[in-house]
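In my numbering, the protein residues as written are -9 to 267. Glycine included, C-beta positions come from ideal geometry on N, C-alpha and C.
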Amino acid sequence: MKMKRPDTLPEWFDLEKYRGCAGFGPVEWWACLEKRQGAWQVVPHLVTEEPSSTLTALAHTRARPLADASRTREIIDRLATRRPVRSATWVELGRAARIDRLADSEQAHAWRALGADIQPTDEATPAIGALMIPGWLDHEADAAVAIVDLSAPYSVVMSAFQVWLKQARAAAQAARNRPKTDKWAEYGLLPYLDLQIWCLETDANIPEPMMAKAIHPPCEKEACIRCSGTDWIGDTLAPLARSLMADLSPLRALAAENIEEWAKAQRSALLQGNFQP
């Protein structure tokens, strides 16, 4: 099915529902995009096999496309342990040890070298004595283990860390630049993704002129690039959407870095009666 007319857009689509994302920061963008990343990846494979559960989940997102950004407690819980630099915990060590042992990994010998069985205890307990274990602690993201000589002068430690970090990130092929979220609302990123997920679900194909009109109606800005053509979709928006759906880890790291400040702002808004669910 190839869609040619604006009136053939899905009934659930309403651009007004997305207006609130203009004020989003990294935390809110991550919360909303993670849900869409899951749909982007599984919809082509699950819609025919499990239509009820898949369509139910999509219906909730389409009814309230920005709802994930208001789930404060869930966001804090999920990002608190994803900060870019943090002390490893016994829980993380125990999880990694079990995975390596069950997989009969070559890395398993490193755990045996400790001479003790690592068991999960308190989530917040720093595993200070275990940081010398070589390898990877986190099997969901590249979280390299570093040894820090705390007796060395601060300037020496920082200089050495920069060298180590450059090597570790090069080996992991890590992203060099911080995600720039300030233009994503103006681009129409969320409505674009929701319509593209719908296309994956229904085998539809929305032409760029129709897509442009749907996610960015004519505005009053002078010399607005998005009002004067559709090249920005193929040149900017589509590549951005594909890259985010392929890998959200840079955005997740930025969101985790900002989670404490974001949580304080949420609590302050709640106390002042300005919280918007």
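Enclosing alpha helix (DSSP H) for residue i [first to last residue]
{"i": "residue 186", "result": "179 to 192"}
{"i": "residue 229", "result": "228 to 236"}
{"i": "residue 262", "result": "Here residue 262 belongs to no alpha helix (DSSP H), and DSSP marks it neither H nor E."}
{"i": "residue 247", "result": "239 to 247"}
{"i": "residue 65", "result": "62 to 69"}
{"i": "residue 198", "result": "198 to 205"}
Among the options, the one whose alpha carbon lies nearest that of residue i
{"i": "residue 174", "options": "260, 145, 25 and 9", "result": "9"}
{"i": "residue 256", "options": "90, 15, -1 and 30", "result": "15"}
{"i": "residue 233", "options": "260, 179, 155 and 89", "result": "179"}
{"i": "residue 2", "options": "193, 68 and 181", "result": "181"}
{"i": "residue 252", "options": "28, 226, 30 and 67", "result": "67"}
{"i": "residue 12", "options": "154, 171 and 138", "result": "171"}
{"i": "residue 31", "options": "197, 198, 231 and 148", "result": "231"}
Buried or exposed by the 16-neighbour rule on C-beta atoms within 10 Å, applied to residue i
{"i": "residue 209", "result": "exposed"}
{"i": "residue 186", "result": "buried"}
{"i": "residue 258", "result": "exposed"}
{"i": "residue 50", "result": "exposed"}
{"i": "residue 206", "result": "buried"}
{"i": "residue 191", "result": "buried"}
{"i": "residue 244", "result": "buried"}
{"i": "residue 229", "result": "exposed"}
{"i": "residue 219", "result": "exposed"}
{"i": "residue 236", "result": "exposed"}
Rounded distance between the beta-carbons of residue j and residue i, thought under 8 angstroms
{"i": "residue 240", "j": "residue 169", "result": "5 angstroms"}
{"i": "residue 59", "j": "residue 249", "result": "About 13 angstroms; that fails the 8 angstroms criterion."}
{"i": "residue 183", "j": "residue 85", "result": "At roughly 31 angstroms, the Cβ-Cβ gap does not stay under 8 angstroms, so residue 183 and residue 85 are not in contact."}
{"i": "residue 242", "j": "residue 72", "result": "6 angstroms"}
{"i": "residue 0", "j": "residue 188", "result": "6 angstroms"}
{"i": "residue 223", "j": "residue 202", "result": "6 angstroms"}
{"i": "residue 89", "j": "residue 17", "result": "Not confirmed; about 29 angstroms, so no contact."}
{"i": "residue 227", "j": "residue 177", "result": "5 angstroms"}
Below-8 angstroms beta-carbon distance, residue i vs any chain B residue
{"i": "residue 248", "result": "Protein chains in the displayed structure number just one, and chain B is not present."}
Taking contact to mean 3 or more Cβ pairs, one atom from each stretch, closer than 8 angstroms, check whether the region 145 to 161 and the region -2 to 8 are in contact.
no
Tell me, please, whether the region 18 to 30 touches the region 52 to 69 by the rule of three or more beta-carbon pairs shorter than 8 angstroms.
Counting Cβ pairs under 8 angstroms, three or more are found: they touch.
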